[in-house]
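Undergrad: Protein chains in written order, with my numbering: chain A, 149 to 593; chain B, 9 to 342.
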Amino acid sequence: MLTDALMLARIQFALTAMFHYLYPPLTIGLGWIMVYMSYQRLKTGEEIYDKMARFWTIIFAVTFAMGVTTGIVMEFEFGTNWSEYSRFVGDVFGSPLAAEALISFFLESTFLGILVFGWNRVSKKAHFFATLMVALGATLSALWIIVANSWQHTPAGFHIVETPLGPRAEIISFWQMFFNPSTVGRYSHVIFSAMLNAAFFVMSISALYILKGKHEEFARRSLKIALIFGVIGAYFTLFAGHHQAIVVARHQPAKLAAFEGHFKTTEGGTPYYLFGIPNEQEKKVDYGLTIPGFLSFLVYFDFNKPVKALDQFPIEDQPPVILPFFTFHLMAGLGMFFIALTTLSLFLWWKSKLFDYRWLLWVFVFSLPLPYIANMAGWIAAEVGRQPWIVQDLLRTKDGVSPGVSASQVLGSTVMFTTIYSLLFILYVFILVKKIKKGPEIINH
Amino acid sequence: MLINVIWFVLMTVLLMVYAILEGFDLGVGILHLFTRKNEHRRILMNSIGPVWDGNEVWLITFGGALFAAFPTAYATVFSAFYTPFMMLLTTLIFRAASMEFRSKVESPVWQNIWDVLFSISSLVATLLLGVASGNALIGIAINEKGIFQGNFFSFLNPLSVITGLFAIFLFALHGSLYLQMKTEEDLNYQMRKTSKVLSFIVLILFAVLTVVSFSTVAWAKPRLITSILGLIAVAMLGLTLWLSWKEKGGIAFLSNTGFIASIILIFASNMFPYLVRSTINPAFSLDIYNSASSPKTLTIMLGIVLAVLPIVLVYTGYVYWVFRGPVKLDETSY
């Protein structure tokens with residue numbers, strides 16, 4: 149494996165993408181939570197909102213810096229490790245990446261200067277505007293990246309043209325490319341899950357403060373604001389996810405079959421596995437617990453219509469099953485937990501009992517890593533489920549790799565990135581813990 | 009086709025603005041270790057604190073625009089420069105991390121580690137950018153498929169070593185001139201002295217660079233356009249030197265900006281119409297036609313650039329305006 153340049157390039161991309169995605173969901177979601185706090189700071193002038201805006205900005209800034217450093221690598225990795233892919237798709241795929249830098253990345257990076265360093269230099273109004281621009285920039289950033297990535301899943305708006313260096317995809321319609329069949333569903337899934345991630349982050353820290361009897365007013369208000377975002381995030385992530393399942397069934401049926409460990413097409417409705425262990429050798433799911441016909445219902449609104457299984461696809465076009473199956477079910481299960489927890493909390497808030505149960509606050513505290521796990525699992529399911537294609541039905545992953553780059557070069561850079569990113573992640577957590585321990589009270593003006 | 013030429017001009021503009029803006033923040037990083045006091049180091053970091061991130065986006069945009077407009081060149085350049093490029097990315101990661109982490113723990117050891125990392129990574133990043141420019145000028149060993157046939161050591165040739173050194177001193181000078189506007193008292197005095205010395209070294213290296221490129225790069229011939237640009241560059245550098253000795257840092261920063269701009273223009277006019285020259289066979293070279301996206305993509309992207317870039321310039325200008333003048337350290341600083 150260590151001498152296989154293709155495998156190494158895949159590992160490197162997966163690792164760098166996953167390390168990167170530790171940070172953006174928090175900044176995308178937290179940006180909007182800060183916009184709300186900054187707006188209240190501007191409108192009410194209450195000191196508590198000032199404190200909230202400043203404290204969460206510190207958390208935001210450290211996370212943002214990590215997102216930037218790990219993101220730069222991604223922008224160039226297509227060229228370094230996937231040159232044949234870049235050549236093939238550049239005419240279509242390059243545009244959203246360039247637009248991302250121009251439209252979104254400039255916006256967030258430039259206004260971040262004012263957000264972080266401008267407290268004593270600009271008016272509250274200008275500072276609110278900067279917060280809004282940073283949140284908008286982060287949210288739009290994700291849009292262009294998801295447009296590009298969705299095109300890999302459901303390519304549209306292009307044709308294949310022969311060139312002296314081989315065939316390549318060229319754009320016919322920018323808007324068909326932009327609104328390819330999976331863009332809207334995947335983008336909303338990403339944005340709402342980012343909102344959920346940030347909400348759980350804020351709720352976790354706030355709950356810890358309340359349990360320790362520190363910064364109580366600050367923590368209660370932060371938790372309530374975050375809970376609103378959390379409820380919206382949890383439900384809309386589910387709706388967007390369901391919409392996506394329908395799109396996947398239509399455009400990437402092999403991927404859906406992999407999610408569900410659906411090996412053999414059968415008569416009548418297809419069951420949904422709540423749990424199970426896929427057995428790739430015997431082409432079945434062991435220890436499965438199913439809801440009969442439910443997968444058919446989810447994607448066709450019909451309990452009796454069969455869903456295409458993996459046996460409908462040539463063996464060389466089939467994705468692996470075990471990884472997509474487990475990650476998909478992990479994500480879906482966690483999604484249900486988020487809905488249950490936020491709904492219960494909302495109900496208790498309505499009854500004015502939100503802060504009465506210490507066990508609930510502890511649940512919040514320990515829920516911190518769960519949205520991260522759900523996010524990672526979702527991406528693994530989506531990307532591994534697309535294999536063996538780098539662009540669905542158009543270009544195979546093995547044909548996209550850089551031919552002039554040796555296995556040792558890829559191994560070297562992979563080891564380097566993994567080391568640096570692990571180190572940075574440890575430092576990031578260390579700094580966060582330090583800032584959280586210090587709390588909002590210390591910040592004076 | 010005109011649109012391909014327009015895109016070549018746009019790429020030149022992106023590279024130019026990147027060199028001018030990141031030029032001074034890399035320069036500040038290079039000078040960082042030459043200041044001793046903790047307070048001075050904090051002033052250096054905070055002088056670029058609110059703007060370095062925006063400056064770096066010009067590089068990201070350059071990369072993104074190259075991908076969109078000239079995908080074949082993007083694929084070739086980054087896979088050919090694989091190892092140096094991975095090193096550049098590493099230095100950029102360390103720079104960002106140093107600035108973000110340094111102030112977060114009140115310990116001299118902790119802060120010293122980040123000081124060293126910050127400064128060294130700024131230096132190495134500048135060196136790599138300079139070496140890459142030298143190699144772009146000479147050309148690289150690509151075959152008819154645009155696949156690189158050389159190795160890491162092919163990048164180390166006399167011209168590229170000189171462009172690397174030149175970049176280090178040029179950016180350090182640019183940083184010291186910027187810092188003259190951002191500092192007061194003894195630190196300001198130190199920067200005025202630094203600019204004097206550096207402007208002299210840059211002048212010497214520029215002369216060496218000119219001689220070496222004429223003698224080693226076949227196509228770097230004196231043409232009308234490059235001669236005019238060359239004269240402008242010399243005038244700008246002369247002005248920078250004179251103003252540095254007159255201790256007028258602010259105006260010297262502007263003339264040095266003009267110098268950097270004219271160097272990028274000389275570089276671009278020597279490259280045109282090529283993006284990657286092949287040293288194996290000139291026929292394998294990638295130019296603005298055979299490596300470009302379709303006219304449709306180029307037109308769409310041009311529309312986006314023309315609509316968005318002016319707005320970017322306006323708010324970038326606004327942020328520089330907000331943080332004008334000498335650095336004042338407060339509780340929100342690094």
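Cβ atoms here follow ideal geometry from the backbone N, Cα and C, with glycine treated the same way.
Could you tell me which chain B residues have their CB closer than 9 Å to the CB of Ala246 (chain A), listed as they occur along the chain?
TA: Reading the first sequence from its first residue, position 98 is the one you call residue 246 (chain A). Per Cβ cutoff of 9 Å: Thr69, Gly71, Gly72, Ala73, Leu74, Phe75, Ala76, Ala77, Met309, Ile312, Val313.
Undergrad: Check whether the Cβ atoms of His168 (chain A) and Gly219 (chain A) sit closer than 7 Å, and answer yes or no.
TA: Here residue 168 (chain A) refers to the residue found at position 20 of the first sequence. Here residue 219 (chain A) refers to the residue found at position 71 of the first sequence. Yes, they are a contact pair.
Undergrad: Might you give, ordered along the chain, the residues of its own chain that have their beta carbon closer than 7 Å to the beta carbon of Gly424 (chain A), omitting 5 neighbours on each side?
TA: Sequence index remark: in the first sequence, residue 424 (chain A) carries index 276 (1-based). Correct list, in chain order: Gly409, Val433, Asp434, Tyr435, Gly436, Leu437.
Undergrad: Should Ser130 (chain B) be flagged as near chain A, meaning a C-beta pair shorter than 7 Å?
TA: By one-based count along the second sequence, residue 130 (chain B) stands at place 122. False, the Cβ-Cβ gap to chain A never drops below 7 Å.
Undergrad: If we call anything under 7 Å between Cβ atoms a contact, is His337 (chain A) one with Gly389 (chain A)?
TA: The residue labelled residue 337 (chain A) in the question sits at position 189 within the first sequence. The residue labelled residue 389 (chain A) in the question sits at position 241 within the first sequence. Yes, the pair counts as a contact, with Cβ atoms nearer than the cut-off.
Undergrad: Whole angstroms is fine: what's the gap from Glu114 (chain B)'s alpha carbon to Lys336 (chain B)'s?
TA: On the second sequence, position 106 is the one that residue 114 (chain B) refers to. On the second sequence, position 328 is the one that residue 336 (chain B) refers to. One C-alpha to the other measures close to 19 Å.
Undergrad: Going by DSSP, which residues form a beta bridge with Lys432 (chain A)?
TA: The residue you call residue 432 (chain A) lines up with position 284 of the first sequence. The partner list for Lys432 (chain A) (beta bridge, DSSP) reads A:Asn427.
Undergrad: In the DSSP assignment, find the alpha helix (DSSP H) that holds Glu255 (chain B) and state where it starts and stops.
TA: Position 247 of the second sequence, counted from the first residue, corresponds to residue 255 (chain B). Per DSSP, Glu255 (chain B) belongs to no alpha helix (DSSP H) and is neither H nor E.
Undergrad: Of all the CB atoms in chain A, is at least one closer than 7 Å to the CB of Pro58 (chain B)?
TA: Sequence index remark: in the second sequence, residue 58 (chain B) carries index 50 (1-based). Output row for Pro58 (chain B): interface = yes.
Undergrad: Ignoring anything shorter than 4 residues or poking outside the stretch 72 to 137 of chain B, list the alpha helix (DSSP H) runs there in chain order.
TA: 79 to 88, 90 to 110
Undergrad: Find the nearest neighbour of Glu339 (chain B) within the set A:Gln300, A:Arg269, A:Gly560, judged by alpha-carbon distance.
TA: Numbered from 1 along the second sequence, position 331 holds the residue referred to as residue 339 (chain B). Answer by Cα proximity: A:Arg269.
Undergrad: Rounded to whole angstroms, what's the CA-CA distance from Ile38 (chain B) to Ile487 (chain A)? Just pull it up for me.
TA: Indexing the second sequence from 1 puts residue 38 (chain B) at position 30. Indexing the first sequence from 1 puts residue 487 (chain A) at position 339. Cα to Cα, Ile38 (chain B) sits roughly 51 Å from Ile487 (chain A).
Undergrad: With distances taken Cα to Cα, identify the nearest neighbour of Ile288 (chain B) among B:Gly147, B:Ala243, B:Ile271, B:Leu187.
TA: In the second sequence, counting from the first residue as 1, residue 288 (chain B) sits at position 280. With distances taken between Cα atoms, Ile288 (chain B) lies closest to B:Gly147.
Undergrad: Should Ala347 (chain A) and Gly378 (chain A) be called a contact, given that it needs their Cβ atoms to be closer than 7 Å?
TA: Start at 1 with the first residue of the first sequence, and residue 347 (chain A) comes out as number 199. Start at 1 with the first residue of the first sequence, and residue 378 (chain A) comes out as number 230. Taking 7 Å as the Cβ cut-off, Ala347 (chain A) and Gly378 (chain A) qualify as a contacting pair.
Undergrad: Measure from the alpha carbon of Pro281 (chain B) to the alpha carbon of each residue in B:Ala300, B:Asn264, B:Ala241, B:Met199, then state which is nearest.
TA: In the second sequence, the residue the question calls residue 281 (chain B) occupies position 273. Nearest option by C-alpha distance: B:Ala300.
Undergrad: In the structure shown, what three-state DSSP assignment does Val287 (chain B) receive?
TA: Along the second sequence, read from residue 1 onward, the residue named residue 287 (chain B) stands at position 279. Here the sequence assigns Thr to residue 287 (chain B), which means Val is not the residue at that position. If DSSP states are grouped into helix, strand and coil, Thr287 (chain B) belongs with coil.
Undergrad: Using a Cβ cut-off of 8 Å, pull out every chain B residue sitting near Phe224 (chain A), in sequence order please.
TA: By one-based count along the first sequence, residue 224 (chain A) stands at place 76. Within 8 Å Cβ-Cβ: Gly71, Phe86, Phe93, Leu97.
Undergrad: In the DSSP assignment, the beta strand (DSSP E) including Trp230 (chain A) goes from what residue to what residue?
TA: Taking the first residue of the first sequence as position 1, residue 230 (chain A) is located at position 82. Here Trp230 (chain A) belongs to no beta strand (DSSP E), and DSSP marks it neither H nor E.
Undergrad: Quick one: Cα of Ala246 (chain A) to Cα of Ala73 (chain B), how far?
TA: Counting from one through the first sequence, the residue named residue 246 (chain A) turns up at place 98. Counting from one through the second sequence, the residue named residue 73 (chain B) turns up at place 65. Rounded to whole angstroms, Ala246 (chain A) to Ala73 (chain B) spans 5 Å at the Cα level.
Undergrad: Going along the chain, which residues of the stretch 544 to 567 of chain A sit with their C-beta nearer than 7 Å to a C-beta in chain B?
TA: Within the stretch 544 to 567 of chain A, the qualifying residues are Ser550, Pro551, Gly552, Val553, Gln557, Ser561, Met564.
Undergrad: List the endpoints of the continuous beta strand (DSSP E) containing Ala317 (chain A).
TA: Stepping through the first sequence from its first residue, residue 317 (chain A) is reached at position 169. Start and end: 314 to 319.
Undergrad: Could you tell me how far apart the beta carbons of Arg235 (chain A) and Ala83 (chain B) are, in whole angstroms, since I believe they sit closer than 8 Å?
TA: Taking the first residue of the first sequence as position 1, residue 235 (chain A) is located at position 87. Taking the first residue of the second sequence as position 1, residue 83 (chain B) is located at position 75. About 5 Å; that satisfies the 8 Å criterion.
Undergrad: Give the range of the alpha helix (DSSP H) segment to which Trp497 (chain A) is assigned.
TA: Numbered from its first residue, the first sequence carries residue 497 (chain A) at position 349. Annotation: the continuous alpha helix (DSSP H) that includes Trp497 (chain A) extends over 470 to 498.
Undergrad: Could you check the C-alpha separation between His391 (chain A) and Gly333 (chain A) for me, to the nearest Å?
TA: Position 243 of the first sequence, counted from the first residue, corresponds to residue 391 (chain A). Position 185 of the first sequence, counted from the first residue, corresponds to residue 333 (chain A). Each residue's alpha carbon lies about 6 Å from the other.
Undergrad: Quick check on His307 (chain A): does DSSP put it in helix, strand or coil?
TA: In the first sequence, counting from the first residue as 1, residue 307 (chain A) sits at position 159. Correct three-state label for His307 (chain A): strand.
Undergrad: What is the residue span of the alpha helix (DSSP H) that Ile28 (chain B) lies within?
TA: In the second sequence, residue 28 (chain B) corresponds to position 20, counting from 1. 10 to 40 is the span of the alpha helix (DSSP H), which, as asked, contains Ile28 (chain B).
Undergrad: Under the rule that 16 or more other beta-carbon atoms within 10 Å means buried, what is Tyr197 (chain B), buried or exposed?
TA: By 1-based counting over the second sequence, the position of residue 197 (chain B) is 189. Answer is exposed; the Cβ neighbour count stays below 16.
Undergrad: For Leu321 (chain B) and Arg44 (chain B), what's the separation of their Cα atoms in angstroms?
TA: Counting from 1 along the second sequence, the entry for residue 321 (chain B) is found at position 313. Counting from 1 along the second sequence, the entry for residue 44 (chain B) is found at position 36. Between Leu321 (chain B) and Arg44 (chain B), the C-alpha separation is close to 35 Å.
Undergrad: Kindly say whether Leu542 (chain A), judged by its beta-carbon, lies nearer than 7 Å to any beta-carbon of chain B.
TA: In the first sequence, counting from the first residue as 1, residue 542 (chain A) sits at position 394. With respect to chain B, the C-beta atom of Leu542 (chain A) has no partner C-beta closer than 7 Å.
Undergrad: Taking the straight line between their C-alpha atoms, what separation do you get for Lys586 (chain A) and Glu364 (chain A)?
TA: Here residue 586 (chain A) corresponds to residue number 438 of the first sequence, with the count starting at 1. Here residue 364 (chain A) corresponds to residue number 216 of the first sequence, with the count starting at 1. Taking the straight line from one Cα to the other gives about 14 Å.
Undergrad: With 7 Å as the threshold, decide whether the Cβ of Phe253 (chain A) is near any Cβ in chain B.
TA: Here residue 253 (chain A) is taken as the residue at index 105 of the first sequence, counted from 1. Yes - at least one Cβ of chain B is within 7 Å of the one on Phe253 (chain A).
Undergrad: What separation, rounded to the nearest whole angstrom, lies between the Cα atoms of Ile591 (chain A) and Phe326 (chain A)?
TA: If you number the first sequence from 1, residue 591 (chain A) lands on position 443. If you number the first sequence from 1, residue 326 (chain A) lands on position 178. The pLDDT assigned to Ile591 (chain A) is 49, lower than 50, so where the model puts this residue is not dependable; a value taken from the coordinates is nonetheless given after this. Spanning the two alpha carbons is a distance of roughly 44 Å.
Undergrad: Taking the straight line between their C-alpha atoms, what separation do you get for Met107 (chain B) and Ile579 (chain A)?
TA: Residue 107 (chain B) sits at position 99 when you count from the first residue of the second sequence. Residue 579 (chain A) sits at position 431 when you count from the first residue of the first sequence. Approximately 13 Å, taken between the alpha carbons.
Undergrad: For Val270 (chain A), go through chain B and note every residue whose CB falls closer than 8 Å to its CB, in chain order.
TA: Start at 1 with the first residue of the first sequence, and residue 270 (chain A) comes out as number 122. Val330, listed in chain order.
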